[in-house]
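Report on the following structure.
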Amino acid sequence: MRNIAIFALMLLVPASSPGFGYLGVRGAGTLLPGVTARSVALGGTRSIGIDGDACVLTNPAGLSRLPVTSVTVSFGPSIGAAMLSDSLGKHDSNWLSMSTLYAGLSFPVGGDLVMGAALGKVSDFAFKYTHYTYDFEPGQTSFLSEIRKFETSGGMYETAGGLSYSAADWLSLGASAGMRFGSASYDSTYEDVENPDNDTLITWKRDFSSFCWHGGIEFPLGSGLLGLSWTSEDDDYPARAAIGGMLYANDQRTGVFGAELELVDPGGRDATEVRLFGSAFLYDSFEFMGSLNFGSPNYENVETGSRLGLSLGTGIHLGDFRLDGGLSWSSLGRDSIFLVPGQPDEIKDSQAMITFGLNWRP
1 MRNIAIFALM LLVPASSPGF GYLGVRGAGT LLPGVTARSV ALGGTRSIGI
51 DGDACVLTNP AGLSRLPVTS VTVSFGPSIG AAMLSDSLGK HDSNWLSMST
101 LYAGLSFPVG GDLVMGAALG KVSDFAFKYT HYTYDFEPGQ TSFLSEIRKF
151 ETSGGMYETA GGLSYSAADW LSLGASAGMR FGSASYDSTY EDVENPDNDT
201 LITWKRDFSS FCWHGGIEFP LGSGLLGLSW TSEDDDYPAR AAIGGMLYAN
251 DQRTGVFGAE LELVDPGGRD ATEVRLFGSA FLYDSFEFMG SLNFGSPNYE
301 NVETGSRLGL SLGTGIHLGD FRLDGGLSWS SLGRDSIFLV PGQPDEIKDS
351 QAMITFGLNW RP
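Numbering (this note's numbering), first residue to last: 1 to 362.
This is how it looks when you write it as structure tokens:
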């Protein structure tokens, strides 16, 4: 069956390959642009710990800039979409998943040490697409002949504990370790409208469980900050390295703007991501955040356009509490096809996320 042969090709894709949308569920899932509402609003910045206790999962050296106890929770859904354009027109599919699930805390333990722990969703495996094939016969109108469906669900999570140490006024070091876990389920269906005996259903499941660690360095400067971070790889998740910097907008450090470069799967596919991010207080208690992301997934034997992303968010500061909101949109065009006979004119995957969070610093 053509459906079986096409689905079997998915098993040949390296599991840890980074991706987005359909390309993602073939590998490590869609790597999420942040694990909290604040990190989503800042585009998923990883080289600098500017997202509070969530830096345990990116650059734990950032814990050193949290002088008081911090507790954060975040949640929120995402809407994914796949669009294919061919000779029969445009075919759209949409799906919904819970993309942001996070809880974390940090606290100073004396001297120059700060500890933290976090649990968050780092990769999403939601995808859904249905394609209808129509045949034509002389003297007849078109008729539906085949239906192909592909649906996935699940996610990958990380839980980790870490420690930061302010070695000097100009140097902070951090490390964290824990587990990655989760699962992904796949359903591939082929329906032969004329010959139902040919109908086929294939199901497959992947389980994730592995050790992970993060390491980072920050260089505090009088007018800004430089940072480097590293995230370990395993059979189902790629290594991630990032370097970046930011400048404070004023002497009170109530606003920042910066940039970073991330390398996903270094030494392998070398996918790149560039982030431009910033935040500013429009009023005394109202903070505005945003980010522009772009990069190249660099898939082997797959032509893609640049991945584009835009993030916006707000933080409302109310004494010991801060209410966060983040909105992110990402899109990637590709030429890799699945379920579709022939070569389509255009394929595009996109994802929109909206997240909410609460931070408490007693």
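Cβ atoms here follow ideal geometry from the backbone N, Cα and C, with glycine treated the same way.
Please report how far the alpha carbon of residue i lies from the alpha carbon of residue j, in whole angstroms.
i    : j    : result
R180 : F125 : 15 angstroms
A15  : P362 : Interpretation of A15 is limited by its pLDDT of 48, a score under 50 that renders its predicted location unreliable; the figure taken from the coordinates is listed afterwards. Roughly 42 angstroms between the two C-alpha positions.
N359 : G120 : 15 angstroms
F150 : A168 : 54 angstroms
R253 : L332 : 35 angstroms
G227 : E146 : 53 angstroms
C212 : A280 : 34 angstroms
F7   : N298 : The predicted position of F7 is uncertain, since its pLDDT is 43 and thus under 50; a value taken from the coordinates is nonetheless stated next. One C-alpha to the other measures close to 22 angstroms.
L261 : V193 : 49 angstroms
T231 : Y237 : 10 angstroms
T159 : T72  : 14 angstroms
L32  : Q351 : 10 angstroms
T200 : Y186 : 14 angstroms
L12  : Y129 : Low confidence applies here, because L12 scores a pLDDT of 39, under 50, leaving its location unreliable; read the following figure in that light. Computed Cα separation, rounded: 21 angstroms.
T355 : A82  : 21 angstroms
G357 : S229 : 24 angstroms
D207 : T100 : 20 angstroms
T69  : F107 : 4 angstroms
G215 : S188 : 39 angstroms
Taking C-beta to C-beta, are residue i and residue j nearer than 8 angstroms?
i    : j    : result
D53  : L66  : yes
G155 : G116 : no
Y132 : S142 : no
G290 : G278 : yes
S164 : L173 : yes
A41  : G49  : no
R46  : G313 : no
G245 : L263 : no
D368 : S166 : Lying before the first or after the last residue shown, residue 368 is absent from the chain, which here runs from 1 to 362.
V35  : L63  : no
T30  : S123 : yes
Would you list the residues sitting across from residue i in a DSSP beta bridge?
i    : result
Q252 : The partner list for Q252 (beta bridge, DSSP) is empty, contrary to what the question assumes.
W170 : DSSP, once it has assigned bridges, lists no residue as partnering W170.
F125 : According to DSSP, F125 bridges with nothing at all.
A175 : L163 and G215
D92  : M83
A280 : F288
R206 : A184
N359 : T72 and R322
P220 : L225
Compare the C-alpha of residue i against each of the options and name the closest.
i    : options                   : result
M98  : L84, D270, G110 and I79   : I79
G305 : G325, W329 and I347       : I347
E273 : F288, G267 and R307       : R307
E303 : D335, D320 and H317       : D335
S209 : D92, L276 and D235        : D235
F294 : L105, A175, R275 and Y283 : R275
A239 : G258, A271, F219 and A249 : A271
N195 : A242, L327, L144 and G161 : L144
What are the boundary residues of the alpha helix (DSSP H) that includes residue i?
i   : result
A37 : A37 to A41
Return the first residue and the last residue of the beta strand (DSSP E) that residue i is part of.
i    : result
N293 : F286 to S296
F136 : Premise fails: F136 is in no beta strand (DSSP E) and is neither H nor E.
R46  : Neither: R46 is in no beta strand (DSSP E) and is coded neither H nor E.
T231 : G224 to T231
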